[in-house]
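Numbering (the working numbering), first residue to last: 1 to 409.
Glycine included, every Cβ here is placed at the ideal spot set by N, Cα and C.
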Amino acid sequence: MAEHVKVVIIGGGIVGCSVLYGLAKRGWTDTLLLERLELTSGSTWHAAGNITHFGHYTEITRLYVDSLRIYMEAEAESGQSAGFHDAGSLRLATSQAELEAYRSIEGIYNDLGVPYRVINPDEVATLHPLLNIDGLFGAAHTPADGHVDSSGATHAMAKSARARGAGIRRHCPVRKVRRHNDNQWAVDTDDGVIHAEHVIMAASFWTRELAAQINLDLPLYALEHHEVITDDIPELEALDFEVPTVRDPYAPANTRQEHNSLLCGVYEADPVFWATDGIPPEFGQELLVPNMGRLEEHLLKVIERIPAFGSAGIKTVNNGPICYTPDGCPLVGPVTGHDGLWLAAGFPVGIGTGGGSGDFLADWMVNGNPPYDLPIVYPFRFNGTLTKDECLRAIKNIYARGYVMPMMK
Ligand SMILES: Cc1cc2nc3c(=O)[nH]c(=O)nc-3n(C[C@H](O)[C@H](O)[C@H](O)COP(=O)(O)OP(=O)(O)OC[C@H]3O[C@@H](n4cnc5c(N)ncnc54)[C@H](O)[C@@H]3O)c2cc1C
Numbered sequence: 001m002a003e004h005v006k007v008v009i010i011g012g013g014i015v016g017c018s019v020l021y022g023l024a025k026r027g028w029t030d031t032l033l034l035e036r037l038e039l040t041s042g043s044t045w046h047a048a049g050n051i052t053h054f055g056h057y058t059e060i061t062r063l064y065v066d067s068l069r070i071y072m073e074a075e076a077e078s079g080q081s082a083g084f085h086d087a088g089s090l091r092l093a094t095s096q097a098e099l100e101a102y103r104s105i106e107g108i109y110n111d112l113g114v115p116y117r118v119i120n121p122d123e124v125a126t127l128h129p130l131l132n133i134d135g136l137f138g139a140a141h142t143p144a145d146g147h148v149d150s151s152g153a154t155h156a157m158a159k160s161a162r163a164r165g166a167g168i169r170r171h172c173p174v175r176k177v178r179r180h181n182d183n184q185w186a187v188d189t190d191d192g193v194i195h196a197e198h199v200i201m202a203a204s205f206w207t208r209e210l211a212a213q214i215n216l217d218l219p220l221y222a223l224e225h226h227e228v229i230t231d232d233i234p235e236l237e238a239l240d241f242e243v244p245t246v247r248d249p250y251a252p253a254n255t256r257q258e259h260n261s262l263l264c265g266v267y268e269a270d271p272v273f274w275a276t277d278g279i280p281p282e283f284g285q286e287l288l289v290p291n292m293g294r295l296e297e298h299l300l301k302v303i304e305r306i307p308a309f310g311s312a313g314i315k316t317v318n319n320g321p322i323c324y325t326p327d328g329c330p331l332v333g334p335v336t337g338h339d340g341l342w343l344a345a346g347f348p349v350g351i352g353t354g355g356g357s358g359d360f361l362a363d364w365m366v367n368g369n370p371p372y373d374l375p376i377v378y379p380f381r382f383n384g385t386l387t388k389d390e391c392l393r394a395i396k397n398i399y400a401r402g403y404v405m406p407m408m409k
């Protein structure tokens with residue numbers, strides 16, 4: 001006999017767990033999250049955990065704001081720490097036009113009640129004494145953000161959802177999703193079939209293959225993404241506060257304090273894709289082989305900006321797969337023509353936006369309408385019109401733009 005639940009969620013990363021938690025808070029607990037391995041074993045476990053309220057598209061600022069709020073709420077509810085450090089962030093302006101662009105969005109933060117201020121180079125230097133401000137025009141300062149422990153935040157939501165009655169099954173890969181009858185989907189696993197009224201695919205880049213089984217061509221591909229962690233830096237040890245995260249469009253890279261070292265995530269000019277012909281079935285949760293040569297031109301720019309970065313040795317280099325769509329925004333919402341099938345996949349900044357996105361989707365499912373209009377994430381914006389080559393080209397461009405604002409050509 002097939003098992004039956006109202007909702008199956010496929011994927012136990014930060015996004016899947018956030019949807020599960022969002023549904024549970026709204027009273028939908030006849031739910032089951034299926035995870036291939038352990039929770040967080042996709043991209044979530046190796047993410048740097050950076051959360052900023054300054055996203056790349058102003059339309060999704062609210063997703064960032066809600067994400068941090070939801071992680072803190074789940075932490076309080078579950079007792080599981082999300083490991084939040086409120087060090088704040090600086091988004092550097094490398095031209096007057098960039099500074100003006102930052103000023104132009106101040107109103108959005110006022111409306112959302114999130115602290116946001118465009119500051120001058122001297123103020124930047126005070127907030128981040130290791131930063132070389134030569135040539136800087138200023139920065140946008142978002143003091144309420146910082147970084148979480150990505151696994152901690154995920155487990156906090158999972159634990160809270162479970163306590164409210166939601167189900168989680170680990171080591172249970174979904175083999176196939178198919179239509180069972182007019183009202184139900186069938187989800188095939190090694191442990192049997194599960195029937196559900198709703199299925200949410202929250203399996204990041206694996207979603208592409210799951211969806212292909214029902215002839216959906218989703219523009220989801222994985223890129224290699226590096227982060228570099230230095231040895232301890234005496235200048236940081238000497239400070240009695242944590243320096244804010246720096247997002248620098250010049251490198252482009254983000255650099256934050258990790259204990260007494262610096263952790264730097266790099267956006268390569270010529271990024272490399274991973275497994276575009278299909279995720280290897282034997283892939284578990286391992287990291288990819290790092291390539292320091294590709295990072296060099298970017299790290300030299302980071303050193304120009306933060307000279308202490310250059311004098312420290314490198315402790316660790318992580319290279320992990322990261323999921324992208326052609327416009328850099330996730331796919332969140334229903335799948336047209338497939339009643340009861342939903343997507344929550346394609347998150348390049350899933351720690352920053354996963355909490356809010358899961359909650360947004362849960363609200364939509366329970367109430368029948370999205371809580372507010374957010375077409376920039378709706379899956380049907382793509383409609384399968386792009387060829388694979390067009391997708392890959394667009395993803396490369398969007399990734400390499402790094403921190404250049406969309407409004408700046
Ligand atoms: C080096 C690096 C640093 C990063 N730093 C940051 C950062 O600082 N801030 C930020 O916001 N983002 C960061 N990211 C991106 C972030 O990691 C992702 O956006 C986020 O983890 C995506 O979450 P997810 O839940 O969508 O996917 P995942 O965490 O990949 O979860 C998908 C889950 O689905 C499961 N799954 C797959 N197929 C199946 C199946 N058939 N059946 C059952 N389960 C299945 C997988 O095992 C996996 O656990 C970073 C990424 C990298 C690579």
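| query | result |
| --- | --- |
| Own chain, CB closer than 7 Å to P143, minus 5 neighbours either side, in chain order | G88 and P115 |
| Check: H85 C-beta below 7 Å from any heavy atom of ligand 1 | no |
| Proximity of I10 and M201 at Cβ, strictly below 8 Å | yes |
| Meets three-Cβ-pair contact criterion under 8 Å: the segment 258-268 and the segment 220-240 | yes |
| Contact the segment 348-368 vs the segment 295-304: 3+ CB pairs below 8 Å | no |
| Of the listed residues M1, F273, E3 and V15, nearest to A344 (C-alpha basis) | V15 |
| Burial state of P281 (16 or more Cβ within 10 Å) | exposed |
| Spatially closest choice to D66 from V118, G22, S78 and T29, by CA coordinates | G22 |
| Per-residue DSSP class, three states only, for F382 | coil |
| Close beta carbons around P173, own chain, < 6 Å, minus the five adjacent residues each side | R36 |
| M1 classed as buried or exposed, judged by whether at least 16 other C-beta atoms fall within 10 angstroms | exposed |
| According to DSSP, residues forming a beta bridge with I322 | L223 |
| Cut-off 6 Å between Cβ atoms - residues of its own chain near A24, not counting five sequence neighbours on either side | A161, R164 and A166 |
| Exposure label - A82; buried when at least 16 CB within 10 Å | buried |
| Paired residues, beta bridge with V349 - DSSP | Per DSSP, none; premise fails for V349. |
| Closest by C-alpha distance to M72, when choosing among N50, V148, G138 and T31 | V148 |
| Which of helix, strand or coil DSSP assigns to A211 | helix |
| In DSSP terms, what H46 is bridged to | Paired residue(s): none; H46 is not in a bridge. |
| Residues of its chain near S151, where Cβ-Cβ distance is below 6 Å and the 5 sequence neighbours each way are ignored | T40 and W45 |
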